[in-house]
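These notes are about the structure you will find just below.
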Amino acid sequence: MISIKDLSLAFPGERGPTTVLQDFDLTIGRGEFVAVVGASGVGKSTLLRVIAGLVRPQSGSVVSDQGPTPGRRPYALVFQDSRMLPWRRVVKNVEFGLEGLGLPKAEKRRRALDALALVGLKDKADRWPHQLSGGQRQRVAIARALAVDPDLLMMDEPFGALDAITRQTLQDELVDLWQRTGKTILFVTHDIDEAVYLADRVVLLAGSPAGVRSEDQVTTPRPRRRDDAQARATAAAIRDRLSDYVEQGAGI
Amino acid sequence: MPKPSQSKRLLLAFAGVAAFLLLWEAVPWFGLVRPILLPPPSAIPETFWREVQSGAWHTAVLSSLGHYLWGLFLGSFLGVALGVLAGMSRSLEDFTSWVVRLLRPIPGLAWVPFAIIWFGVTPSAAIFIIVVGVFWINFFAALGAVQAVDRDLIELADAFGHRGPVAKLFKVILPASVSPIMAGLRTGLGQAWMAVVAAELFGVPGLGQRMMQASSLLATDIVVVYMITMAVLYGIIDSTFVAVRDRLLRWKA
């Protein structure tokens, strides 16, 4: 379980600090798939960076009940761009997060290859990143995050830069991967349909400063259909609420 | 498999060299210039053989190579190291910015008087001149390279637990900067040969000194022997460097 409590974050600016997040609370159960939706620039990415410890919040805490475990990292991120290190072969890119954990070389290699096998790219281990397609690189980025065996796998619009067909394929692969590994996932997107299709629960982040405005359980059984009526109704409801906030924010 | 045009291009290149040598040979042959001012290429092999037999060639080449390699190594290492540090630390860059602006435009050769005063007419003086010659090229290449490293990759290092400056340096910053740093090093390879000749002109034993001696005796054929020697040495060193570089950068598309 991951507990995020009373998270507040402000960035310094010329006219005093701008509060981005205020009193953000979210609890994510182990093995749960949670999606965070919100308008562009509302602070979704920032939220992930705070949880990952890349940005220090003014107040609040992020706690994982799994505690520190050797050979693992508590949080792992998948970015919108694959962020391959072009000078490393695919398998060495996957090993990136495993370095510095005091693991023997063979163990690192084994875990990297296992993670690559999970995303179906074990046979591409010795390629250079530039030899892969955009979708394959994004799979490698997912493998890199999985390799560190995180308590929470965070994904920041990971399929946003892909073409529609590749995006759908990767969405289905992600659900499959999640069911096989039992990982806890926090998935950020501005695509409400994507969130409803993938997640158990959809959290709406809105307002300025941003906070949790609503939470919707998506009870549609898996495997899901993209045109499921119940999911569509949920997405429509979230979309309505979101547009209310956007209008308020614009002062209309 | 060479394409058909490949052999044609090679043939043209050879033809170009032949034409150049022919023209060179013709100018003194037709008396346009006295051979003492421009020795014909046909006279060079014999002069070269005499230099080798007297032992002067070995001595000069070994001595110059020593200066070259030491100067190149020290200058490149210091330039890259300080450039990387200045690139990583904003305050260090600001701290050094005016000193850099002040020292940078002074040509390496302007340091000759100080080189002699500090080191005397010794190999160290020659090495010092070479170090100054290659330092700035590498300093600016490394500084620019480090500052141009993709911030997203730095963030990636942070996200995957490589948070200290040393971890970031070796996991991301240096590998991401290899290509432009290599370009700086390669420019230095050429620059250092110029500095070698200049540094030896004032009497430190080596190619430069031997050329000076020869020119004062109007033995222009000997001068040409060492000019060619330098060109060949540079060619060998540069192509070795390119081979190593291409191996290091084989991840590039």
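Chains A and B are the protein sequences, given in the same order.
In terms of this note's numbering, the numbers along the first sequence are unbroken and rise by one, the last being 252.
In terms of this note's numbering, the numbers along the second sequence are unbroken and rise by one, the last being 505.
Here a beta-carbon is modelled for each residue, glycine too, at the ideal position from N, C-alpha and C.
Can you give the Cα-Cα distance for Leu242(A) and Gln248(A), rounded to whole angstroms? For the purposes of this step, residue 242(A) is identified with residue 242 of the first sequence, where counting begins at 1. For the purposes of this step, residue 248(A) is identified with residue 248 of the first sequence, where counting begins at 1. Taking the straight line joining both Cα atoms gives about 10 Å.
Any chain B beta carbon closer than 8 Å to Gly67(A): Against the first sequence, residue 67(A) aligns to sequence position 67. Gly67(A) does not count as touching chain B.
Determine the burial state of Ala143(A): buried for a count of at least 16 other Cβ atoms within 10 Å of its Cβ, exposed for fewer. What you label residue 143(A) is simply residue 143 of the first sequence in a count that begins at 1. The residue is buried, with at least 16 neighbouring Cβ atoms inside 10 Å.
List, in chain order, every chain B residue whose beta-carbon is nearer than 9 Å to that of Asp81(A). Locating residue 81(A) in the first sequence gives position 81, where the first residue counts as 1. Here the neighbours are Asp404.
Expressed to the nearest angstrom, what Euclidean distance is found between the alpha-carbon atoms of Phe480(B) and Trp87(A)? The count along the second sequence starts at 1 and reaches residue 480(B) at position 228. The count along the first sequence starts at 1 and reaches residue 87(A) at position 87. At residue 480(B) the sequence reads Ile, which differs from the Phe that was named. Spanning the two alpha carbons is a distance of roughly 38 Å.
Please compile the residues from chain A whose C-beta is within a distance smaller than 7 Å of the C-beta of Ala411(B). Taking the first residue of the second sequence as 1, we reach residue 411(B) at position 159. Those are Ala52, Leu54 and Leu77, listed as they occur along chain A.
Just checking: is the beta-carbon of Glu407(B) within a distance shorter than 8 Å of some beta-carbon in chain A? Counted from its first residue, the second sequence places residue 407(B) at position 155. It does: the Cβ of Glu407(B) has a partner Cβ on chain A nearer than 8 Å.
Buried or exposed for Phe380(B), going by 16 or more other Cβ atoms inside 10 Å? In the second sequence, counting from the first residue as 1, residue 380(B) sits at position 128. Label assigned to Phe380(B): buried.
Spell out the partners DSSP gives Gln217(A) in its beta bridges. The count along the first sequence starts at 1 and reaches residue 217(A) at position 217. DSSP output for Gln217(A) lists Arg201(A) as bridge partner(s).
Gly396(B): which of Ala435(B), Glu407(B) and Ile369(B) sits nearest, CA to CA? In the second sequence, residue 396(B) corresponds to position 144, counting from 1. Looking at the Cα atoms, Ala435(B) is the closest of the given residues.
How would you list, in chain order, the residues of chain B whose beta-carbon sits under 8 Å from the beta-carbon of Arg73(A)? As a position in the first sequence, residue 73(A) is number 73, starting the count at 1. Chain B residues near Arg73(A): Phe412 and Gly413.
Looking only at its chain, what residues have a beta carbon closer than 7 Å to the beta carbon of Ala52(A), apart from the 5 residues adjacent to it on each side? Residue 52(A) sits at position 52 when you count from the first residue of the first sequence. Counting only Cβ-Cβ distances below 7 Å, and skipping sequence neighbours, we find Tyr75, Leu77 and Met154.
Roughly how many angstroms lie between the CA atoms of Gly251(A) and Asp244(A), to the nearest whole one? In the first sequence, residue 251(A) corresponds to position 251, counting from 1. In the first sequence, residue 244(A) corresponds to position 244, counting from 1. The pLDDT assigned to Gly251(A) is 45, lower than 50, so where the model puts this residue is not dependable; a value taken from the coordinates is nonetheless given after this. C-alpha separation (whole angstroms): 11 Å.
Mind checking if Ala419(B) is an interface residue toward chain A, Cβ cutoff 8 Å exclusive? Numbered from its first residue, the second sequence carries residue 419(B) at position 167. It does; some Cβ of chain A falls within 8 Å.
Residue-chain proximity (Gly251(A), chain B), Cβ-Cβ < 8 Å: Taking the first sequence and counting its residues from 1, one reaches residue 251(A) at position 251. With a pLDDT of 45 at Gly251(A), under the threshold of 50, the modelled position of this residue cannot be trusted, and the question is left open.
Go ahead and label Pro291(B) buried or exposed: buried means 16 or more other beta carbons lie within 10 angstroms of its beta carbon, across all protein chains shown. Numbered from its first residue, the second sequence carries residue 291(B) at position 39. With 16 or more Cβ atoms within 10 Å of its Cβ, Pro291(B) is classed as buried.
Determine, using beta carbons only, whether Met84(A) and Val119(A) come nearer to each other than 8 Å. Residue mapping note: residue 84(A) aligns to position 84 of the first sequence, counting from 1. Residue mapping note: residue 119(A) aligns to position 119 of the first sequence, counting from 1. Taking 8 Å as the Cβ cut-off, Met84(A) and Val119(A) do not qualify as a contacting pair.
Taking Ser214(A) as the reference, give the member of Ile2(A), Ala145(A) and Leu26(A) with the closest Cα. Residue 214(A) sits at position 214 when you count from the first residue of the first sequence. Answer by Cα proximity: Leu26(A).
With distances taken Cα to Cα, identify the nearest neighbour of Ala161(A) among Trp128(A), Ser208(A), Arg30(A) and His190(A). Residue 161(A) sits at position 161 when you count from the first residue of the first sequence. Taking only the C-alpha atoms, the option nearest Ala161(A) is His190(A).
Identify every residue that forms a DSSP beta bridge with Thr27(A). Working through the first sequence from its first residue, we reach residue 27(A) at position 27. Ser3(A), per the DSSP bridge assignment.
Could you check which residue in Gln399(B), Thr492(B) and Leu289(B) has the C-alpha nearest to that of Val476(B)? To locate residue 476(B), count along the second sequence from 1; it is residue 224. Looking at the Cα atoms, Leu289(B) is the closest of the given residues.
Please state whether DSSP places Leu77(A) in a helix, a strand or coil. For the purposes of this step, residue 77(A) is taken as the residue at position 77 of the first sequence. Three-state DSSP puts Leu77(A) in a strand.
Output the boundary residues of the alpha helix (DSSP H) element that contains Thr166(A). Walking along the first sequence from the start, residue 166(A) turns up at place 166. Counting along the chain, the alpha helix (DSSP H) containing Thr166(A) begins and ends at Ala164 to Thr181.
Given Asp410(B) as reference, the closest of Ser59(A), Asp123(A), Ala233(A) and Arg49(A) once Cα atoms are compared: The residue given as residue 410(B) occupies position 158 in the second sequence. Comparing Cα positions, the closest option is Arg49(A).
Sequence-distant residues of its chain with Cβ nearer than 7 Å to Ser254(A) (five each side left out): Missing from the structure shown is residue 254(A); chain A here goes from 1 to 252 and no further.
Over what stretch of residues does the beta strand (DSSP E) that includes Ile185(A) continue unbroken? Along the first sequence, one-based indexing puts residue 185(A) at 185. Start and end: Thr184 to Thr189.
Closer than 8 Å, Cβ to any Cβ of chain B: which residues of the region 96-127 of chain A, in chain order? Phe96, Gly97, Glu99, Gly100 and Leu101
Tell me which same chain residues have a C-beta within less than 6 Å of the C-beta of Ala447(B), skipping the five on either side of it? As a working note, residue 447(B) is residue 195 in the second sequence. These residues qualify, in order along the chain: Gly360, Ile381, Ile382 and Gly385.
Three-state secondary structure (DSSP) of Gly487(B): Sequence index remark: in the second sequence, residue 487(B) carries index 235 (1-based). The answer is helix: DSSP assigns Gly487(B) an H, G or I state.
Going along chain B, which residues have a C-beta under 8 Å from Pro86(A)? Stepping through the first sequence from its first residue, residue 86(A) is reached at position 86. What Pro86(A) touches in chain B: Trp503 and Lys504.
Less than 8 Å separating the beta-carbons of Gly60(A) and Ser133(A)? Residue mapping note: residue 60(A) aligns to position 60 of the first sequence, counting from 1. Residue mapping note: residue 133(A) aligns to position 133 of the first sequence, counting from 1. Cβ atoms of Gly60(A) and Ser133(A): not closer than 8 Å.
Short of 7 Å in beta carbon distance, which residues of its chain neighbour Val94(A), apart from the five on each side in sequence? Order them along the chain. Translated into the one-based positions of the first sequence, residue 94(A) becomes position 94. So the list reads Ala112, Ala115, Leu116, Val140, Ala143, Arg144 and Ala147, once near-sequence residues are dropped.
Residue-level contact to chain A via CB, Pro432(B), 8 Å cutoff: Working through the second sequence from its first residue, we reach residue 432(B) at position 180. Pro432(B) does not count as touching chain A.
Range covered by the beta strand (DSSP E) that runs through Phe33(A): Taking the first residue of the first sequence as position 1, residue 33(A) is located at position 33. Phe33(A) -> beta strand (DSSP E) spans Phe33 to Val37.
Would you list, in sequence order, the uninterrupted beta strand (DSSP E) runs of no fewer than 3 residues that lie entirely inside the region 53-138 of chain A? 59-64 and 75-78
With Asp410(B) as the anchor, note down where its alpha helix (DSSP H) starts and where it stops. Indexing the second sequence from 1 puts residue 410(B) at position 158. Unbroken alpha helix (DSSP H) run through Asp410(B): Arg403 to Ala411.
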